[in-house]
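Number of protein chains: 2
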Amino acid sequence: MDRLEINQFVKQKRKALGLTQVELSLKAGVGLRFIRELEKGKPSLQMNKVNQVLKLFGYELGAVQLDREKLIDEAG
Amino acid sequence: MDRLEINQFVKQKRKALGLTQVELSLKAGVGLRFIRELEKGKPSLQMNKVNQVLKLFGYELGAVQLDREKLIDEAG
DNA sequence: TTAAACTATACCTGTTAGGGTATAAAATAG
DNA sequence: CTATTTTATACCCTAACAGGTATAGTTTAA
Chain B
1 MDRLEINQFV KQKRKALGLT QVELSLKAGV GLRFIRELEK GKPSLQMNKV NQVLKLFGYE
61 LGAVQLDREK LIDEAG
Chain X
1 MDRLEINQFV KQKRKALGLT QVELSLKAGV GLRFIRELEK GKPSLQMNKV NQVLKLFGYE
61 LGAVQLDREK LIDEAG
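Chain order of the listed sequences is B and X.
Once you know that position 65 of the first sequence is 65 in our numbering, the rest is easy, because the numbers rise by one and skip nothing.
Once you know that position 23 of the second sequence is 23 in our numbering, the rest is easy, because the numbers rise by one and skip nothing.
Given below as structure tokens:
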């Protein structure tokens with residue numbers, strides 16, 4: 001299992017839980033627009049907001065090594 | 001080996017390379033104040049700025065599991 | 001001790017992230 | 001096809017991030 005980009009990770013986890021973007025935004029306590037920017041991969045998002053979302057999945061932001069299977073993320 | 005918080009991780013890596021906060025800020029292309037807030041653990045930092053720093057160490061921000069450090073992280 | 005280097009805190013300011021809303025597009029169901 | 005649900009794009013506004021700088025505090029070396 002290779003490592004997903006954060007935006008793909010969120011999208012996948014959200015769908016795995018059968019949530020819409022609206023539902024996720026409500027559960028996470030962030031705006032709907034934020035969820036959309038997050039899943040689109042906007043790079044300048046604030047960490048605390050992203051963590052509010054990741055926490056619902058049992059995850060958080062952390063430092064991970066570059067390069068490791070970075071080329072494939074969706075086709076795994 | 002516990003996973004370090006991002007702020008501790010940055011501080012440790014910086015010192016391991018023998019860099020000052022000023023030098024790191026210059027290398028990363030971010031402000032000195034940002035480096036200080038990063039190492040102090042300010043939660044609302046922007047991901048792209050943090051990634052500019054982590055990249056110098058060969059790392060980037062990613063989604064990692066909460067708390068249970070020991071469960072799966074050592075596969076290689 | 002002194003002096004230098006490094007780090008922490010405070011202030012001011014421009015830029016922009018994020019919220020909210022409306023509309024449009026796309027996917028999904030009947 | 002139509003109707004509904006979900007997602008994408010655009011606009012305005014406020015709050016605050018990040019930069020720069022000055023100053024104060026801390027650590028380190030001689």
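Each residue gets a CB set at the ideal place from its N, CA and C atoms; glycine is no exception.
Computed from a predicted model, the values in this text were never measured in an experiment.
> Who does X/Gln46 pair with in a DSSP beta bridge?
Replying inline: B/Gln46
> Once you ignore the five residues that flank X/Gln21 on each side, which residues in its own chain have a CB closer than 8 angstroms to its CB?
Replying inline: Arg14, Leu32, Ile35, Arg36, Glu39
> B/Glu60 CB to nearest chain X CB: under 7 angstroms?
Replying inline: yes
> Of the residues X/Gln65, X/Lys55, X/Lys42, which one's Cα is nearest the Cα of B/Glu55?
Replying inline: Glu is not the amino acid found at residue 55 of chain B; the sequence shown has Lys there. Selected option, being the one with the closest Cα: X/Gln65.
>> Taking CB distances under 7 angstroms as the criterion, tell me whether X/Asn48 reaches chain B.
In response: Output row for X/Asn48: interface = yes.
> alpha helix (DSSP H) containing X/Val64: first to last residue?
Replying inline: Per DSSP, X/Val64 belongs to no alpha helix (DSSP H); it is in the beta strand (DSSP E), 59–65.
> Using a beta-carbon distance cut-off of less than 7 angstroms, what residues from the segment 10–31 of chain X approach chain B?
Replying inline: none
> Listing by chain order, which chain B residues have their CB less than 8 angstroms from the CB of X/Arg3?
Replying inline: Gly62
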